[in-house]
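J.:
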Amino acid sequence: MPVFGLVNNYIVKGFTLVAKVEKIIYFTKWTKFLTLYEIKTRITMEQCYNSNSQWSMPRIGDQAPEFRAMTTHGKLNFPGDYVGKWKILFSHPADFTPVCTTEFIAFANMQKEFEALNTQIVGLSVDSLSSHIAWVRNIKEKIEWEGSKDVEIGFPIIVDISKKVSTLYGMIMPGESNNSCIRAVFFIDPTDKIRAIIYYPLNLGRNFEEIKRVIIGLQTSDAHDVAMPANWQPGKDVVLHYPVTTDDAKARVAQEGIKCHEWYLCSKKL
Ligand code: BEZ
454 MPVFGLVNNY
464 IVKGFTLVAK
474 VEKIIYFTKW
484 TKFLTLYEIK
494 TRITMEQCYN
504 SNSQWSMPRI
514 GDQAPEFRAM
524 TTHGKLNFPG
534 DYVGKWKILF
544 SHPADFTPVC
554 TTEFIAFANM
564 QKEFEALNTQ
574 IVGLSVDSLS
584 SHIAWVRNIK
594 EKIEWEGSKD
604 VEIGFPIIVD
614 ISKKVSTLYG
624 MIMPGESNNS
634 CIRAVFFIDP
644 TDKIRAIIYY
654 PLNLGRNFEE
664 IKRVIIGLQT
674 SDAHDVAMPA
684 NWQPGKDVVL
694 HYPVTTDDAK
704 ARVAQEGIKC
714 HEWYLCSKKL
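Converting from the sequence shown to this note's numbering requires adding 453 to each position, the first position being numbered 1.
#1: What separation, rounded to the nearest whole angstrom, lies between the Cα atoms of C713 and N656?
#2: Hey, is A637 close to the ligand BEZ, as in C-beta under 6 Å from one of its heavy atoms?
#3: Over the uninterrupted beta strand (DSSP E) stretch that includes E715, give me the two end residues.
#4: Excluding five sequence neighbours on each side, which residues of the same chain lie with their C-beta closer than 6 Å to the C-beta of V575?
#5: Out of K703, K721, K538 and C553, which has the shortest C-alpha to C-alpha gap to L570?
#6: Confirm, please, whether the CB-CB distance from F640 to V667 is below 7 Å.
#7: Thinking C-alpha only, which one of A683, S581 and E605 is nearest P546?
#8: Considering only the beta carbon of each residue, do W588 and F549 sit closer than 7 Å?
#9: Using a threshold of 6 Å, is the CB atom of A559 nearer than that to any non-hydrogen atom of the ligand BEZ?
#10: For P609, verify whether its CB is less than 6 Å away from any heavy atom of the ligand BEZ.
#11: Could you give the distance in angstroms between the alpha-carbon of S720 and the alpha-carbon of I711?
#12: Touching or not, the stretch 551 to 560 and the stretch 508 to 526, by the rule of three or more beta carbon pairs under 8 Å?
#13: Helix, strand or coil for D645? Go by DSSP, reduced to three states.
#14: DSSP three-state label for L621, please.
#15: Quick one, are the C-beta atoms of M681 and G670 less than 7 Å apart?
#16: Using DSSP's beta-bridge definition, name the partner residues of E597.
#17: Report whether the distance from the Cβ of L620 to the nearest heavy atom of the ligand BEZ is below 6 Å.
#18: Name the DSSP beta bridge partners of A522, please?
#19: State the DSSP-derived secondary structure class of V589, mapped to helix, strand or coil.
#20: Consult DSSP for Q516 and reduce its assignment to one of helix, strand or coil.
#21: Any idea what DSSP makes of Q573, helix, strand or coil?
#22: Please tell me whether L671 has its Cβ less than 7 Å away from any Cβ of chain C.
#23: Determine the burial state of Y717: buried for a count of at least 16 other Cβ atoms within 10 Å of its Cβ, exposed for fewer.
#24: Is A559 helix, strand or coil when you go by DSSP?
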């Protein structure tokens with residue numbers, strides 16, 4: 454008989470996570486009922502593991518996990534198909550849903566702006582290819598939203614029925630939804646490093662101006678070796694990295710074109 458235990462609402466067998474329990478009552482009615490419940494929840498927990506049975510949650514600074522997938526634009530080798538480009542990989546919960554439809558219109562309307570920033574957009578959900586194609590056509594033919602109509606979704610949408618990619622990128626968060634992705638946005642630079650990640654829940658549509666600001670901010674930081682203060686907008690003053698030597702601290706205060714509020718908080722125009 455395997456040894457089961459309960460840690461923070463998770464059933465563990467030895468050191469292995471088996472299932473999440475919602476109510477301790479299942480634990481007291483151990484036998485048949487628990488077995489049924491365990492099998493049901495194990496399926497959802499497995500969706501959060503990568504092929505090495507590890508919880509998969511890429512972090513800022515990691516190399517973007519590689520995958521091959523089918524999309525509405527054909528086969529995709531990610532990130533290999535986007536050499537030298539910035540990538541925005543984002544997930545949406547489901548096709549033919551209201552918030553996602555408004556998000557797709559917003560993103561499609563800004564696609565040219567992202568391309569001008571050397572940035573390619575790639576969408577993903579756990580829906581089928583025919584669902585993606587039908588939804589994209591439906592948006593173009595039938596949806597008018599806040600002055601936008603006849604909107605062409607010009608970026609590829611990954612087909613992830615198997616949940617392979619969403620699992621690899623930690624886009625399924627069982628506390629929010631067991632069977633669909635949350636609204637994740639991964640910002641990936643031309644060296645394929647993950648530089649920023651934003652997560653939104655199911656019921657809150659993303660701010661695409663913020664997504665553009667993040668791309669511009671990261672590119673500006675790279676190009677000029679500076680950082681961006683709170684609420685920074687393109688064109689506004691940037692801040693210098695904090696000094697790492699006393700000489701550096703002294704020199705920057707005297708430097709022309711730099712405004713120092715204190716020796717560690719200096720800003721400048723680009
Ligand atoms: C939506 O896009 O409206 C939506 C999708 C899944 C769950 C909740 C909302």
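Think of the CB as a built atom: it goes at the ideal place given N, C-alpha and C, for glycine as much as any other residue. As the structure is a computational prediction, the values presented were derived from the model and not from experiment.
T.: Looking at the coordinates:
#1: The C-alpha of C713 lies about 42 Å from the C-alpha of N656.
#2: False, no ligand heavy atom lies under 6 Å from that Cβ.
#3: That run of the beta strand (DSSP E) goes K712 to E715.
#4: Closer than 6 Å at Cβ, skipping near neighbours: L542 and P609.
#5: Among K703, K721, K538 and C553, the Cα nearest to that of L570 belongs to K538.
#6: Going by C-beta atoms, V667 is nearer than 7 Å to F640.
#7: Nearest C-alpha to P546: S581.
#8: Yes, the pair counts as a contact, with Cβ atoms nearer than the cut-off.
#9: For A559, the shortest C-beta to heavy atom distance toward the ligand BEZ is 6 Å or greater.
#10: No, the Cβ of P609 stays beyond 6 Å of every heavy atom of the ligand BEZ.
#11: In a straight line, the C-alpha of S720 is about 6 Å away from that of I711.
#12: No, they do not touch.
#13: D645 falls in the coil class under three-state DSSP.
#14: Secondary structure of L621 (DSSP, three-state): helix.
#15: Cβ atoms of M681 and G670: closer than 7 Å.
#16: According to DSSP, which records beta bridges pairwise, E597 is partnered with K602.
#17: Just to set this straight, residue 620 is Thr in the shown sequence, not Leu. Annotation for T620 indicates a beta carbon at 6 Å or more from all heavy atoms of the ligand BEZ.
#18: Answer by DSSP bridge pairing, in chain order: L529.
#19: Here V589 sits in helix by DSSP.
#20: Of the three classes helix, strand and coil, the one that applies to Q516 here is strand, per DSSP.
#21: Three-state DSSP puts Q573 in a strand.
#22: Any reference to chain C falls outside this structure, which holds one protein chain only.
#23: Result: exposed.
#24: The three-state secondary structure of A559, taken from DSSP, is helix.
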